[in-house]
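Enquirer: Here's a structure for you.
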Amino acid sequence: MQLITDYASIEQLNVLLDVEKAYPFSIVDGYQSGEVFVDDINDPTVALFWHRSGFAFIAGECNRDFLAEIHDMMLNPTPEHCNRMIVQTRDLSLFNDYEDVTRYKRYTFSL
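Residue numbers (the working numbering): 2 to 112.
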């Protein structure tokens, strides 16, 4: 997993965000702070958007290695992210192999 700052390289992944697009886009557009990590800096196929509030979002298909790195970050969140990582995804089975991860549905509403 690699931290990126050139967000143009992940434009194709932005359309793969399936929940709460406002937070990830606010990072990319520079309105709010956070970090974006990818699987491969030269040819990214998955991205993790980690907003400073602690909410995180996955765009693309997560492989086992990328998911394991997300899990490690969940166990060791940074003060810059409110000491937490809350991953939002439509796929609640994503972390089934991790007994220490709590899964629940979150409902959002749009006008």
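Glycine included, C-beta positions come from ideal geometry on N, C-alpha and C.
Considering only C-alpha positions, which residue in the set ASP73, LEU68, ASN84 is nearest to SER94?
Expert: By one-based count along the sequence shown, residue 94 stands at place 93. Among ASP73, LEU68, ASN84, the Cα nearest to that of SER94 belongs to LEU68.
Enquirer: On the criterion of 16 or more Cβ atoms from any shown chain inside 10 Å, does VAL88 qualify as buried, or is it exposed?
Expert: Start at 1 with the first residue of the sequence shown, and residue 88 comes out as number 87. With 16 or more other Cβ atoms within 10 Å, it is buried.
Enquirer: Whole alpha helix (DSSP H) runs in the region 34-100 with 4 or more residues, listed along the chain?
Expert: DSSP runs (the alpha helix (DSSP H)) wholly in the region 34-100: 65-76.
Enquirer: Taking the alpha carbon of SER34 as the reference point, which residue from VAL16, VAL102, TRP51 has its own alpha carbon closest?
Expert: Translated into positions along the sequence shown, residue 34 becomes position 33. The candidate whose alpha carbon is nearest that of SER34 is TRP51.
Enquirer: Hey, how far is the Cα of GLU70 from the Cα of GLU62?
Expert: Residue 70 sits at position 69 when you count from the first residue of the sequence shown. Residue 62 sits at position 61 when you count from the first residue of the sequence shown. Between GLU70 and GLU62, the C-alpha separation is close to 14 Å.
Enquirer: Which same chain residues, not among the five before or five after ARG91, have their C-beta less than 8 Å away from its C-beta?
Expert: Position 90 of the sequence shown, counted from the start, is the residue given in the question as residue 91. Once the five neighbours on either side are set aside, the close Cβ partners of ARG91 are ASP19, VAL20.
Enquirer: Going by Cα to Cα distance, which pick from PHE26, ASN84, ARG85 is closest to GLN13?
Expert: Indexing the sequence shown from 1 puts residue 13 at position 12. Of the candidates PHE26, ASN84, ARG85, the one whose C-alpha sits nearest the C-alpha of GLN13 is PHE26.
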